[in-house]
Amino acid sequence: FNPIGQCFEEMFNVPNKFCWKRILLRSCIVVLEILVCLAVPDFGLILNLIGGSTVTICSFILPPLMYMRLVDNCQDPKWPKRTIPLWERVALWQIIVIGTVGGIASTVSAFIAIISPESFGKSCFSDFNLA
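Numbered according to the working numbering, the sequence shown spans residues 203 to 333.
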C-alpha cells in the first residue's frame with residue numbers, strides 16, 4: 203500500500219510530510235481499494251490470474267536466468283571467475299521449462315475460470331441485499 207501511496211503523492215505533488223493533502227489522497231486510495239473489493243464478487247479468481255503469471259516468472263524463470271547470465275557475463279577482474287557445471291545448467295533449464303509450463307497452465311486455467319459463466323456472480327452494487 204505504501205509504494206502506491208508514494209507514487210500517487212509524487213504524481214500529484216503532495217508534500218512528503220504529515221498534512222491534509224496527504225491524508226485526503228491516502229483516504230481516497232483506501233476508498234478506491236474498498237470499492238474494487240466490493241465490486242469483484244470473487245477476488246480469488248483475479249489473484250489466481252496474477253499469481254499464475256507473475257509469481258511463476260519471479261520464482262521459477264527469472265532467478266535461474268539471471269544467475270546464468272551473471273556467471274556468464276562477469277568480466278570484473280575484482281570478482282573470481284566462475285563457471286556453471288553442465289549438470290547444474292541442465293537443472294537450471296529444467297526449472298525454467300517446468301516453471302514456464304506450470305505458469306502457462308495456471309494462467310490459462312485462471313483465465314478460463316474468469317471468463318466462465320459461473321464466475322459472473324452478483325456484486326454488492328447490483329443487489330444491495332447481498333452486503
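Beta carbons are placed, not taken as given, at the ideal position from N, Cα and C, and that holds for glycine.
- Put simply, the region 242-253 touches the region 307-318. At least three CB pairs are less than 8 Å apart.
- Rounded to the nearest angstrom, the Cβ distance from Ile263 to Ile298 is 6 Å, consistent with a contact under 8 Å.
- In the displayed model, Asn250 falls within a helix according to three-state DSSP.
- Beta-carbon to beta-carbon, Val216 and Leu234 are separated by about 16 Å, too far to satisfy the 8 Å threshold.
- Rounded to the nearest angstrom, the Cβ distance from Arg284 to Val292 is 17 Å, too far for a contact under 8 Å.
- Under the three-state reduction of DSSP output, Thr309 falls in the helix class.
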